[in-house]
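Chemist: Structure provided below as structure tokens; questions to follow.
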Amino acid sequence: MVEMPKAFTADRMEVASEAQTFTGNRALAIEEPLIFEIGSSETCGVDFEEPEETESRLGGLERREPMGLPGLSEPEAIRHYVRLSQKNYSIDTGIFPLGSCTMKHNPRLNEKMARLPGFGDIHPLQPENTVQGALALMEELSRWLLELTGMEAVALSPKAGAHGELCGMVAIRAALEDRGEAGTRRTVLVPDSAHGTNPATAALLGFSVKAVEARADGTVSVEAVRDRLGPDVAAMMLTNPNTCGLFESEIVEIAAALHEAGAYLYCDGANFNAIAGKVRPGDLGIDAMHINLHKTFSTPHGGGGPGAGPVVLSKALAPFAPVPFVVKEGDRYRLIESADAADENAHPFGRLVAFHGQMGMFVRALTYMMSHGADGIRQASEDAVLNANYVRARLRDVLSQPFGDRPCMHEVLFDDRFLKGTGVSTLDFAKALIDEGFHPMTVYFPLVVSGAMLVEPTESESKQSLDQFIGAIRSLADAAKSRDGARFTSAPRFAPRKRLDETRAARDPILTYREPLPRAAE
Ligand SMILES: Cc1ncc(COP(=O)(O)O)c(C=O)c1O
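So the sequence shown is residues 0 to 521, counted in my numbering.
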């Protein structure tokens, strides 16, 4: 038996491979140790000269032992990180059907534009006259967003959808303060199918949250909203299309009822990618809505948070938009940084971020919009809806749908009734998909549906890739029904790691490196 260094046995985690090898590697998939296990603090990728002896100014606070930082040569460091990156699954690897997340292709043209030196190397503290192009781009992006949404004002600075929710709800609070009703309107209505960030945002701002139940068809009725309305209600937060993949068909009536009662309608626009270019939220009576640029407009997820979550505001809320924002004066652009610099109609509620937002995301999103054009954006929405309905139609005979078999928007929701009596859970089913080479769909969300499986294929998947995904799901559904339980309960069997104890990982995470000791300190 070949004796391997401890690091290579990965003894702290169970390796999923059933084909055992001497090395722990499987073919050219290398079992990668932690960086601490391969590095030693005596190694360095760079040659430094010995520092001159100088008198310490730390007054006895000097470190007495080595820190145990792993030192690696350049080739070792590169191999380590390249091997880790090869374990990643991403939208560039295959279909990533996470419902509500819109994992769609990020066109490389966006990347090319974002890397232009004038955008890529810009600094937020540069004088205004040196960043006229960047300000022009922000103004252009604002115009596209306003055109697509039919709204009055936009705040570009929020850095994610949830941050946008905060922005929109603070604007609502500011409008209520202006009306002298902030003290009495303390309730926010949220449907029970909402994303957790909606009630969390309202609660963070001190509102009390009242749930509105959906009807048996998965949507919210205007009657249910009216039942909850009163002089205490500040706003309703409604997602449209909702998290069950359905269009809220009574949204116009709901908006009218809220307005009549003196409240506002906040729309969670995470699913705007289903209707962009088709429906203008302003026409639905919405007062504030965030747009996750990393979903609808294909900017990458990650890289400084989810990315950017601009908020569009109706005429009623526009005066309260936060600073900074861009204004065009003649052929020059100015960044308005404070209420004093704005015109007399503006009453900005303050500012949310240190600078102006995520410039790189603005460039990518505008590139996506301009390269698609108005017709391309509309087609992207149509294709996203078409793809989700194709998946629905091809799986309707083997999976179960909580609200009946009817057309969905950009994502299709299944529940766990088709697994009844099989001993296989939604989680087992999702893990078995990993073994088949597919990233699972979103599971157990929305919470209102038992064992939910939310599939969002997005418009960027081809029919061939959808057919492969559908084929895998059909085979797994057959296997579950024919009691091939081991395939599920032990899944994933072929991933680098077996199934994690997710509860323990969340409740008792080990966040610091412990064993074995770094070699330098041994
Ligand atoms: C419906 C819905 N609302 C809000 C959010 C929060 O958006 P973000 O992740 O950009 O903060 C998400 C994110 O997935 C979502 O799906």
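Glycine included, C-beta positions come from ideal geometry on N, C-alpha and C. Being a predicted model, the structure only gives us computed values, none of them experimental.
Quick check on Y389: does DSSP put it in helix, strand or coil?
Modeler: Looking up residue 389 in the sequence shown gives position 390. Helix at Y389.
Chemist: Anyone know if the C-beta pair for A471 and F437 falls short of 8 angstroms?
Modeler: In the sequence shown, the residue the question calls residue 471 occupies position 472. In the sequence shown, the residue the question calls residue 437 occupies position 438. It is a contact, given that the beta carbons lie within the stated cut-off.
Chemist: From which residue to which residue does the beta strand (DSSP E) around D267 run?
Modeler: Locating residue 267 in the sequence shown gives position 268, where the first residue counts as 1. D267 -> beta strand (DSSP E) spans 263 to 267.
Chemist: Are the C-beta atoms of Y332 and some chain D residue less than 8 angstroms apart?
Modeler: Here chain D cannot be found, since the structure has a single protein chain.
Chemist: Relative to the C-alpha of G217, which candidate in G403, E54, S207, E73 has its C-alpha closest?
Modeler: On the sequence shown, residue 217 is found 218 positions in, with the first residue counted as 1. Answer by Cα proximity: G403.
Chemist: Exposed or buried, which one is V390 when buried takes at least 16 other CB atoms within 10 Å?
Modeler: Taking the sequence shown and counting its residues from 1, the one referred to as residue 390 is at position 391. With 16 or more other Cβ atoms within 10 Å, it is buried.
Chemist: How is the beta strand (DSSP E) around I335 delimited, first residue to last?
Modeler: The sequence position of residue 335 within the sequence shown is 336, counting from 1. Start and end: 331 to 335.
Chemist: Between V388 and P406, is the Cβ-Cβ spacing less than 8 angstroms?
Modeler: If you number the sequence shown from 1, residue 388 lands on position 389. If you number the sequence shown from 1, residue 406 lands on position 407. Note on identity: in this sequence residue 388 is Asn, with Val being the wrong assignment. A contact, by the Cβ cut-off of 8 angstroms.
Chemist: Can the beta-carbon of G98 be found less than 8 angstroms from the beta-carbon of T441?
Modeler: Mapped onto the sequence shown, residue 98 falls at position 99. Mapped onto the sequence shown, residue 441 falls at position 442. Yes. Within cutoff.
Chemist: To the nearest angstrom, how far is the alpha carbon of E2 from that of D434?
Modeler: To locate residue 2, count along the sequence shown from 1; it is residue 3. To locate residue 434, count along the sequence shown from 1; it is residue 435. Only weak support is given to the placement of E2: the predicted model assigns it a pLDDT of 47, under 50, and the value that follows is read from those uncertain coordinates. The alpha-carbon atoms of E2 and D434 are separated by roughly 30 angstroms.
Chemist: Name the DSSP bridge partner or partners of T129?
Modeler: In the sequence shown, the residue the question calls residue 129 occupies position 130. Answer is none; T129 lacks a bridge partner.
Chemist: DSSP three-state label for A201, please.
Modeler: Taking the sequence shown and counting its residues from 1, one reaches residue 201 at position 202. The answer is helix: DSSP assigns A201 an H, G or I state.
Chemist: So who's on the other strand from A364, going by DSSP bridges?
Modeler: Walking along the sequence shown from the start, residue 364 turns up at place 365. DSSP output for A364 lists no bridge partner at all.
Chemist: Use the C-beta contact count for I509: other C-beta atoms within 10 angstroms, 16 or more gives buried, fewer gives exposed.
Modeler: Counted from its first residue, the sequence shown places residue 509 at position 510. Counting Cβ neighbours within 10 Å, I509 comes out exposed, since fewer than 16 surround it.
Chemist: My understanding is that D231 touches R184, with C-beta atoms under 8 angstroms, so please give their C-beta distance in whole angstroms.
Modeler: As a first step, residue 231 must be located in the sequence shown, where it is residue number 232. As a first step, residue 184 must be located in the sequence shown, where it is residue number 185. The Cβ separation is near 6 angstroms, so the contact holds.
Chemist: From R503 to I469, what distance separates their C-alpha atoms?
Modeler: Against the sequence shown, residue 503 aligns to sequence position 504. Against the sequence shown, residue 469 aligns to sequence position 470. Near 32 angstroms, if we compare the C-alpha coordinates of I469 and R503.
Chemist: Closer than 7 angstroms: is that where the CB of N291 sits relative to any heavy atom of ligand 1?
Modeler: One-based indexing of the sequence shown puts residue 291 at position 292. At least one heavy atom of ligand 1 is nearer than 7 angstroms to the Cβ of N291, so yes.
Chemist: Give the single residue among H409, V310, P439, V45 whose Cα lies nearest to the Cα of L145.
Modeler: Locating residue 145 in the sequence shown gives position 146, counting from the first residue. With distances taken between Cα atoms, L145 lies closest to V310.
Chemist: Write down the C-beta distance between G268 and M288 rounded to the nearest angstrom, noting that I regard them as a contact closer than 8 angstroms.
Modeler: In the sequence shown, counting from the first residue as 1, residue 268 sits at position 269. In the sequence shown, counting from the first residue as 1, residue 288 sits at position 289. Between M288 and G268 the Cβ distance is about 4 angstroms, and since that is below 8 angstroms, they are a contact.
Chemist: If C526 sits next to L412, beta carbons under 8 angstroms apart, how far is it from one beta carbon to the other, in whole angstroms?
Modeler: No statement about residue 526 is possible, as the shown extent of the chain runs from 0 to 521 and does not include it.
Chemist: Verify whether the separation of the beta carbon atoms of L147 and A275 is less than 8 angstroms.
Modeler: Within the sequence shown, the letter at position 148 stands for residue 147. Within the sequence shown, the letter at position 276 stands for residue 275. Yes, they are a contact pair.
Chemist: On the three-pair Cβ rule with 8 angstroms, is the segment 455 to 466 touching the segment 107 to 115?
Modeler: Because the criterion of three Cβ pairs below 8 angstroms is not met, the segment 455 to 466 and the segment 107 to 115 do not touch.
Chemist: For the segment 235 to 279, which segments carrying the beta strand (DSSP E) assignment without a break, of at least 3 residues, lie completely within its bounds, in sequence order?
Modeler: You should have 263 to 267.
Chemist: Please report the distance separating the alpha-carbon of S220 from that of E247.
Modeler: By 1-based counting over the sequence shown, the position of residue 220 is 221. By 1-based counting over the sequence shown, the position of residue 247 is 248. Distance between the alpha carbons of S220 and E247: 8 angstroms.
Chemist: Does S207 come out as helix, strand or coil in the three-state DSSP assignment?
Modeler: As a first step, residue 207 must be located in the sequence shown, where it is residue number 208. Strand, per DSSP.
Chemist: Give me whichever residues DSSP pairs with A152 in a beta bridge.
Modeler: As a first step, residue 152 must be located in the sequence shown, where it is residue number 153. According to DSSP, which records beta bridges pairwise, A152 is partnered with L312.
Chemist: Alpha helix (DSSP H) containing E36: first to last residue?
Modeler: Mapped onto the sequence shown, residue 36 falls at position 37. Element bounds for E36: 34 to 37.
Chemist: Span of the alpha helix (DSSP H) holding K480?
Modeler: The residue labelled residue 480 in the question sits at position 481 within the sequence shown. Per DSSP, K480 belongs to the alpha helix (DSSP H) from 462 to 480.
Chemist: Return the CA-CA distance between G303 and K294, expressed in angstroms with no decimal places.
Modeler: Taking the sequence shown and counting its residues from 1, the one referred to as residue 303 is at position 304. Taking the sequence shown and counting its residues from 1, the one referred to as residue 294 is at position 295. With a pLDDT of 45 at G303, under the threshold of 50, the modelled position of that residue is not reliable, and no figure is offered here.
Chemist: Secondary structure at V326, three-state DSSP: helix, strand or coil?
Modeler: Looking up residue 326 in the sequence shown gives position 327. Three-state result, V326: strand.
Chemist: Given 7 angstroms as the limit, tell me if C243 has its C-beta closer than that to any heavy atom belonging to ligand 1.
Modeler: In the sequence shown, the residue the question calls residue 243 occupies position 244. Every heavy atom of ligand 1 is 7 angstroms or more from the Cβ of C243, so no.
Chemist: Considering A170, what are the terminal residues of the alpha helix (DSSP H) in which it resides?
Modeler: The count along the sequence shown starts at 1 and reaches residue 170 at position 171. Taken as a continuous stretch (DSSP letters only), the alpha helix (DSSP H) holding A170 covers 160 to 177.
Chemist: How is S449 classed by DSSP in three states: helix, strand or coil?
Modeler: Sequence index remark: in the sequence shown, residue 449 carries index 450 (1-based). Looking at S449 - three-state DSSP - the assignment turns out to be coil, as it is neither helix nor strand.
Chemist: Report the rounded CA-to-CA distance for E521 versus S40, giving the unit in angstroms.
Modeler: For the purposes of this step, residue 521 is taken as residue 522 along the sequence shown, with counting starting at 1. For the purposes of this step, residue 40 is taken as residue 41 along the sequence shown, with counting starting at 1. Bear in mind that a pLDDT of 43 at E521, under 50, signals an unreliable position, so the model cannot answer this.
Chemist: Would A320 pass as a contact of P347 if the rule is Cβ separation under 8 angstroms?
Modeler: In the sequence shown, residue 320 corresponds to position 321, counting from 1. In the sequence shown, residue 347 corresponds to position 348, counting from 1. Contact flag set, yes.
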